[in-house]
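Some notes on the structure that comes next.
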Amino acid sequence: MNPALWVAKTGLDAQQKSMQVTSNNLANVNTNGFKKDRANFEDLFYQTVRQPGGRSSQDTMLPSGLMLGTGSRVAGTEKIHSQGNIQQTERNLDVAIEGKGFFQILRPDGEVAYTRDGAFQLNEQGQLVTTGGYLLEPAIEVPQDAQSVTIGTDGTVTAKMPNQADPEELGQIELADFINPSGLEPVGENLFQETASSGAPVVGMPGEDAFGSVMQGALETSNVNIAEELVNMIETQRGFETNTRAISTTDQMLQFMTQNV
Amino acid sequence: MDRQLYIAMTGAKHSLQAQHHNNQNLANANTPGFRADLDSFYQAPMYGPGFPTRAYAEELRAGTDFTPGSIMTTDRELDVAIQDQGWFVVQAPDGSEAYTRRGDFRQDSQGLLTTGDGHLVMGENGPVSIPPDSNIEIADDGVITAIPREAPEAPIEVDRLRLVNPDPAELVKSEDGLIRHYDGEPAQDDAQVRVRSGALEGSNVNMAESLVQMIDHARQFETHIKMLTTAEENEQTSSQLLRHPS
Numbered sequence: 001m002n003p004a005l006w007v008a009k010t011g012l013d014a015q016q017k018s019m020q021v022t023s024n025n026l027a028n029v030n031t032n033g034f035k036k037d038r039a040n041f042e043d044l045f046y047q048t049v050r051q052p053g054g055r056s057s058q059d060t061m062l063p064s065g066l067m068l069g070t071g072s073r074v075a076g077t078e079k080i081h082s083q084g085n086i087q088q089t090e091r092n093l094d095v096a097i098e099g100k101g102f103f104q105i106l107r108p109d110g111e112v113a114y115t116r117d118g119a120f121q122l123n124e125q126g127q128l129v130t131t132g133g134y135l136l137e138p139a140i141e142v143p144q145d146a147q148s149v150t151i152g153t154d155g156t157v158t159a160k161m162p163n164q165a166d167p168e169e170l171g172q173i174e175l176a177d178f179i180n181p182s183g184l185e186p187v188g189e190n191l192f193q194e195t196a197s198s199g200a201p202v203v204g205m206p207g208e209d210a211f212g213s214v215m216q217g218a219l220e221t222s223n224v225n226i227a228e229e230l231v232n233m234i235e236t237q238r239g240f241e242t243n244t245r246a247i248s249t250t251d252q253m254l255q256f257m258t259q260n261v
Numbered sequence: 001m002d003r004q005l006y007i008a009m010t011g012a013k014h015s016l017q018a019q020h021h022n023n024q025n026l027a028n029a030n031t032p033g034f035r036a037d038l039d040s041f042y043q044a045p046m047y048g049p050g051f052p053t054r055a056y057a058e059e060l061r062a063g064t065d066f067t068p069g070s071i072m073t074t075d076r077e078l079d080v081a082i083q084d085q086g087w088f089v090v091q092a093p094d095g096s097e098a099y100t101r102r103g104d105f106r107q108d109s110q111g112l113l114t115t116g117d118g119h120l121v122m123g124e125n126g127p128v129s130i131p132p133d134s135n136i137e138i139a140d141d142g143v144i145t146a147i148p149r150e151a152p153e154a155p156i157e158v159d160r161l162r163l164v165n166p167d168p169a170e171l172v173k174s175e176d177g178l179i180r181h182y183d184g185e186p187a188q189d190d191a192q193v194r195v196r197s198g199a200l201e202g203s204n205v206n207m208a209e210s211l212v213q214m215i216d217h218a219r220q221f222e223t224h225i226k227m228l229t230t231a232e233e234n235e236q237t238s239s240q241l242l243r244h245p246s
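Residue numbers (the UniProt record's numbering), protein chains in the order written: chain A, 1 to 261; chain B, 1 to 246.
Pasting the structure below:
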C-alpha cells in the first residue's frame, strides 16, 4: 500500500485518541477529585532511503538525504495533578484536601487505593466510607449517638457526645503522597493505584510536612477547565480534518493513476 | 520508445513521495516541539553516453524547518518552552547527545527528568535528578530549583538545563526524530538561551501552507500522469502513421 496513505492514517488515529482523552475530561467535569488527562503526541521513526551526503554524480554530493517519516502517535496520556476548585457544601462528612496528598481507601481485595474525592458517607456500622462503599484507611467509626462530627484541618476527627462536655476523639485521617503522582494508575471510581512509576506512598498527617490540609464541609471538584478542553477539541477536530483530507487527496492521486494509465 | 514516458513516471513517483512528506507534517501538527520537514525537487541530469538533454526530477527532504512553533501556556511546572532560538539537550537511546524543542518534561520513577517521549533531559551535570517530595521551579536561564515540601525555606539548586544554540545550518533531523549536529560534534552551551516554564511549544507545522502544498502535489501528480498518457498517444499515432499500407 502507499506509505503516504498510512502516514495520514497514523495522524487520524492519534487525533482520535486525543479526542477520546478530551471527551473523557469533559465527561468528568463534575466528578469530585477528578484529575484531567493530557495526550502526549510523538513523531514515529524516520526511514532513511538515502543517507545525507550520498553522491548524486561523480563530482556532486546530495545536499540532504531522503528520509521518509512514518507518522505520529499518542505515546501516552498523563494525569495533570493540579488542584481542583474547592466547593463549599456545608455537609459535615465532605472533606477536601487543599494541597498535596490522597486519602487512603481500603478496597474489598485488601489493597489500598488513593483518592482525592472526599465525599464520605457512613455505612451501617457507622464507619466512614466512599460513595462506592469502600472504607477509609485507617478506619474511623462514628458512634450512633454522636450529635455532630468535626474534622480538623490536621485530620483529627472528633464527635460531640450527649451529656459530655469534651468532644470524643474518633480517629485521625491520614494522607499519602507520591514522588510522581502522574505515574499513578487511575482505576475508576475516582480511585488511583500505586505503580512502579509512581513510587511508594509516603504517609503522613494533613498539614504536616508537605501534606495539604483537609477542610470539612467542602469538596474538591475536578480540575477540568471547560474552555481549555473546548479549544483542545477544536484543535483535535481540525487536525483530524486535515489528515482526512490528506487521505482523500492521496487516494484521488492513486485513483487518477489507475484510471488513466 | 521515447524516454518521455520514464521522465513523466519519475515525476509522478516523486510527487507521490512529496505527498508522503507532507502527510508526515500534517500527522504531527499536534506533536509538541515537532519541526516540519521541508521537501524540494531536485534536478538529476542523465549522465553517460550521448547528450545530457534529459533530467529526471527527484524529491528530497531538503531539511527541517527550524522556525519556532506557537507557545501555549499550560501552567504546569514541568512544561518548559524555549523563547526564540535554542535547544534542549537530551540523551538519545544510543547514549549520544541530541537536541529537541520538546518541553513537556516529566519525572520517571527514579526521579529523573525526561521529555514526553521518554528521552533523558541533560543538565550541566548529566541527567537531571529531581529530589523526591519537592516542588520544582525552572528559571528563565534554565536553573532548576527544588523546594523541599518539608523545608520550603531552604530551596536546593538541583542543576541547570543544558541549553545550546548551534548554527541551524549544521543541524539535521535523525531517524528517531531528534535533531543532531551534522557530524556528531557536541554543541557548546549557550548562556543566552531563555526558557519559560509553565508554557509548551507546539509543532511548527503550518496547516494552511501544508494543505495548499497538498493540493499542489496532487495536481502536479495528475500532470505527470497526463504526460504518461500523452506519451502513449504519441507512440500510438506514430506507429499508425508508419504502418505499412497493406
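Where is the CB? At the ideal position from N, CA and C, for every residue including glycine. Remember, predicted model here, so these are calculated numbers, not experimental data.
Rounded separation between residue i and residue j - CA only
i, j, result
"A:R116", "A:F103", "6 angstroms"
"A:G132", "A:D145", "25 angstroms"
"A:G101", "B:V193", "36 angstroms"
"B:M1", "B:Y56", "Its pLDDT being 45, under 50, B:M1 is placed unreliably by the model, and the measurement read from it follows with that caveat. Going from the Cα of B:M1 to the Cα of B:Y56 covers about 17 angstroms."
"A:E111", "A:Q193", "9 angstroms"
"B:P148", "A:N180", "14 angstroms"
"B:E222", "A:M257", "8 angstroms"
"B:S174", "B:R180", "7 angstroms"
"A:G204", "A:I173", "9 angstroms"
"B:G116", "B:I82", "15 angstroms"
"B:T10", "A:L66", "15 angstroms"
"B:V212", "B:L5", "28 angstroms"
"B:P68", "B:E233", "49 angstroms"
"A:D177", "B:E209", "47 angstroms"
"A:L122", "B:G177", "54 angstroms"
"A:A227", "B:R54", "58 angstroms"
"B:Q17", "A:N85", "50 angstroms"
"A:A4", "B:N22", "8 angstroms"
"A:Q164", "A:T150", "15 angstroms"
"A:F120", "A:T242", "47 angstroms"
"A:M233", "B:P45", "48 angstroms"
"A:G71", "B:Q24", "5 angstroms"
"A:S213", "A:G99", "7 angstroms"
"B:L241", "B:A231", "15 angstroms"
"A:A39", "B:E77", "17 angstroms"
For residue j and residue i, believed in contact at Cβ under 8 angstroms, the rounded distance
i, j, result
"A:S222", "A:T77", "With a Cβ gap of about 16 angstroms, A:S222 and A:T77 do not count as contacting."
"B:D65", "B:N204", "6 angstroms"
"B:Q85", "B:N165", "5 angstroms"
"A:A14", "A:V74", "5 angstroms"
"B:T114", "A:E42", "About 12 angstroms separates the two Cβ atoms, so there is no contact after all."
"B:M227", "B:A36", "B:M227 to B:A36, Cβ: 30 angstroms. No contact."
"B:G63", "B:L26", "At roughly 18 angstroms, the Cβ-Cβ gap does not stay under 8 angstroms, so B:G63 and B:L26 are not in contact."
"residue 279 of chain B", "A:A210", "Because residue 279 of chain B is not part of the residues shown, which for chain B are 1 to 246, the question remains open."
Residue i burial status per 10 Å Cβ neighbour count (16 or more: buried)
i, result
"A:Q58", "exposed"
"B:S239", "exposed"
"B:D159", "buried"
"B:V224", "Looking at the sequence itself, residue 224 of chain B is His, so the reference to Val does not match. Flag for B:H224 reads buried."
"B:H244", "exposed"
"A:S148", "exposed"
"B:R162", "buried"
"B:Y47", "exposed"
"B:F51", "exposed"
"residue 247 of chain B", "Within the shown structure, residues of chain B are numbered from 1 to 246, placing residue 247 of chain B beyond reach of any answer."
"A:Y114", "buried"
"A:A126", "The amino acid occupying residue 126 of chain A in the given sequence is Gly; Ala does not appear at that position. The residue in question, A:G126, is exposed, as its Cβ has fewer than 16 Cβ neighbours within 10 Å."
"B:Y182", "exposed"
"B:T229", "exposed"
"A:N260", "exposed"
"B:Q102", "A quick correction: the sequence has Arg, not Gln, at residue 102 of chain B. B:R102 is buried by the Cβ-count criterion."
Cβ of residue i within 8 angstroms of any chain E Cβ
i, result
"B:N204", "Absent here is chain E; the protein component of the structure consists of chains A and B."
Exercise. In chain order, which beta strand (DSSP E) runs of at least 3 residues are fully inside the region 58–122 of chain B?
Worked result: 71–73, 80–83, 87–91, 97–100
For this session: With a floor of 3 residues, list each beta strand (DSSP E) that falls wholly inside the region 174–230 of chain B, ordered by position along the chain.
Result: 179–181, 194–197, 199–201
Exercise. Fully enclosed by the region 159–237 of chain A, which beta strand (DSSP E) runs are 3 residues long or longer?
Worked result: 168–172, 175–177, 185–188, 191–193, 202–204, 213–216, 218–220
For this session: Decide if the region 180–195 of chain B is in contact with the region 64–78 of chain B; the criterion is three or more beta carbon pairs, one per stretch, under 8 angstroms apart.
Result: no
Exercise. Is there contact here, the region 246–261 of chain A with the region 15–33 of chain A, by at least three beta-carbon pairs under 8 angstroms?
Worked result: no
For this session: Examine the Cβ distances between the region 205–225 of chain A and the region 80–100 of chain A and report whether three or more of them are shorter than 8 angstroms.
Result: yes
Problem set entry | beta strand (DSSP E) segments (min. 3 residues) lying fully within the region 136–171 of chain B | 143–148, 156–160
Exercise. Which full runs of the alpha helix (DSSP H) of 4+ residues lie inside the region 1–58 of chain A, going along the chain?
Worked result: 3–27
Problem set entry | the region 88–102 of chain B / the region 143–157 of chain A touching (three or more Cβ pairs under 8 angstroms) | no
Problem set entry | 4-residue-minimum alpha helix (DSSP H) runs that sit fully inside the region 127–161 of chain A, ordered along the chain | none
Exercise. Can at least three beta-carbon pairs, one atom from the region 156–167 of chain A and one from the region 70–85 of chain A, be found at a separation below 8 angstroms?
Worked result: no
Problem set entry | 3 or more residues per run - each beta strand (DSSP E) lying fully within the region 57–120 of chain A | 66–69, 72–79, 86–88, 95–98, 102–106, 112–115
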